[in-house]
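Residue numbers (full-length UniProt numbering): 1 to 88. Backbone N, C-alpha and C fix where the C-beta goes; we use that ideal spot for every residue, glycine too.
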Amino acid sequence: TLSLAPSLFWQLIDVVDSEQVINCGIGNARFTAPVPVGSHLRLTAEVTTVKACRGGYQVTSALTMSVDGSERPACVADMTIRFLGSNV
Numbered sequence: 001t002l003s004l005a006p007s008l009f010w011q012l013i014d015v016v017d018s019e020q021v022i023n024c025g026i027g028n029a030r031f032t033a034p035v036p037v038g039s040h041l042r043l044t045a046e047v048t049t050v051k052a053c054r055g056g057y058q059v060t061s062a063l064t065m066s067v068d069g070s071e072r073p074a075c076v077a078d079m080t081i082r083f084l085g086s087n088v
């Protein structure tokens with residue numbers, strides 16, 4: 001479940017004017033419900049912090065992975081990414 005988060009995240013956003021993007025990692029992960037085999041997963045993301053860093057910005061997003069038909073999310077976590085470059 002959590003291994004799919006970065007791939008699904010890049011389907012949500014379009015990066016423009018960044019020379020380099022670094023996935024700094026995923027933290028505070030909690031698995032709150034099982035994911036049955038063959039389930040459809042859905043990812044939502046909310047930007048929680050944006051900090052200036054050397055050469056760009058560090059963005060942390062709260063991720064929620066949901067299973068279709070389940071009341072509780074399958075996983076919640078924070079993902080931190082750095083966007084670097086002269087145009088950022």
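With the cut-off set at 7 Å, would you say residue i and residue j are in Cβ contact?
i, j, result
"residue 20", "residue 84", "yes"
"residue 40", "residue 68", "yes"
"residue 1", "residue 37", "no"
"residue 59", "residue 81", "yes"
"residue 74", "residue 45", "no"
Which partner residues of residue i appear in the DSSP bridge assignment?
i, result
"residue 20", "84"
"residue 14", "None; residue 14 has no bridge partner."
"residue 46", "62"
"residue 25", "80"
"residue 56", "53 and 84"
Measure the alpha-carbon distance for residue i versus residue j and round it to whole angstroms.
i, j, result
"residue 86", "residue 53", "12 Å"
"residue 51", "residue 23", "15 Å"
"residue 30", "residue 65", "10 Å"
"residue 16", "residue 56", "13 Å"
"residue 10", "residue 70", "24 Å"
"residue 8", "residue 14", "12 Å"
"residue 42", "residue 6", "12 Å"
"residue 3", "residue 18", "24 Å"
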